[in-house]
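Novice: Taking my numbering, the leading residue of the sequence shown gets 48, the next gets one more, and so forth.
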Amino acid sequence: VFAFFLYLGYRSAEKLGNLLAKFVRGINRVVHVFRKKNYLSEDRAHEYAHEIADGFSGLTERPISLVRPVLWGIFNKSLWMLVLLCSFLAFEVPFSGGTIIAGFSIAYLFLIVSPTPSGIGIVEGVMPVALSSLNVNWSQAVVITLIYRAVTFWVPLGVGAWAFRTLHKERAELVS
């Protein structure tokens with residue numbers, strides 16, 4: 048569905064704007080029962096469609112500009128897979144390439160679709176189950192999961208909180 052909207056925005060801002068305006072009218076009709084004013088603006092839907100079309104026109108003029116972000120994204124995922132691989136190696140757990148790729152893919156999937164930010168609690172619960180289904184011992188799967196999540200989420204969160212706090216203190220001292 049979203050791919051269709053993107054394709055429509057790529058082809059015609061007017062058609063996307065008209066389609067979004069129809070959705071806005073439908074939503075406003077439903078909301079009008081509870082609230083007597085319009086909830087969404089049709090003008091904003093048309094503006095949004097034109098902004099999407101403008102963004103796509105920039106990409107079609109210079110498609111090479113996408114190469115760098117795509118390469119950084121691939122590099123990022125490769126580093127995360129390397130962290131998972133090092134977690135297996137650190138505890139001398141036997142693995143295959145498929146175990147690393149599938150384990151990472153399942154963890155990343157639940158990181159994305161989780162209702163909690165960055166999959167807090169969800170990834171930690173699902174990843175050991177996924178790894179044990181990939182023939183990793185349950186206790187080893189739990190340890191690998193905790194190490195992987197510590198390195199990829201909890202330590203960066205702590206460093207970020209410390210940096211935020213430190214920078215906030217320095218700014219307060221400069222103002223004083």
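Idealized CB from N, CA, C, for every residue including glycine. Computed from a prediction, not measured in an experiment: that's the story for all the values here.
1) Once DSSP output is grouped into helix, strand and coil, what is the label at Ile44?
2) Tell me whether the region 139-151 and the region 170-187 touch, counting them as touching only if at least three CB pairs, one residue from each stretch, are closer than 8 Å.
3) Below 8 Å, can you find three or more Cβ-Cβ pairs linking the region 56-64 to the region 89-102?
4) Got a sec? Which residues, its chain only, sit under 7 Å from Leu113 by beta carbon, not counting five neighbours each side?
5) Got a sec? Which residues, its chain only, sit under 8 Å from Thr163 by beta carbon, not counting five neighbours each side?
6) Quick one: which unbroken alpha helix (DSSP H) runs of 4-plus residues sit fully inside the region 61-115? Chain order, please.
7) If we ignore side chains and look at the alpha-carbon of each, how far apart do Val173 and Leu118 end up?
8) Give the range of the alpha helix (DSSP H) segment to which Ser179 is assigned.
9) Are the Cβ atoms of Val140 and Val198 separated by less than 8 Å?
10) Give me the Cβ distance between Ile191 and Phe122, rounded to the nearest whole Å; I'm assuming they're in contact under 8 Å.
Specialist: So, from the data block:
1) Not covered by the structure: residue 44. The range shown for the chain is 48 to 223.
2) Pairwise C-beta distances place the region 139-151 in contact with the region 170-187, as three or more of them are shorter than 8 Å.
3) Yes: the two stretches touch, three or more of their Cβ pairs being nearer than 8 Å.
4) By 1-based counting over the sequence shown, the position of residue 113 is 66. Closer than 7 Å at the Cβ level, and outside the excluded window around Leu113, lie Leu106.
5) Within the sequence shown, numbered from 1, the residue matching residue 163 stands at position 116. Take Thr163, set aside five residues on each side of it, and the residues of its chain with a beta-carbon closer than 8 Å to its own are Ile169, in chain order.
6) If one requires a minimum length of 4 residues, the alpha helix (DSSP H) runs lying completely within the region 61-115 are 89-108, in chain order.
7) Your numbering for residue 173 matches position 126 in the sequence shown. Your numbering for residue 118 matches position 71 in the sequence shown. Annotation: Val173 to Leu118 spans about 28 Å, alpha carbon to alpha carbon.
8) The residue given as residue 179 occupies position 132 in the sequence shown. Judged by DSSP secondary structure, Ser179 falls within the alpha helix (DSSP H) whose first and last residues are 169-180.
9) By one-based count along the sequence shown, residue 140 stands at place 93. By one-based count along the sequence shown, residue 198 stands at place 151. Result no, Cβ atoms of Val140 and Val198 do not sit closer than 8 Å.
10) Counting from 1 along the sequence shown, the entry for residue 191 is found at position 144. Counting from 1 along the sequence shown, the entry for residue 122 is found at position 75. Separation of the CB atoms of Ile191 and Phe122 is rounded to 22 Å, and the pair is thereby denied contact status at 8 Å.
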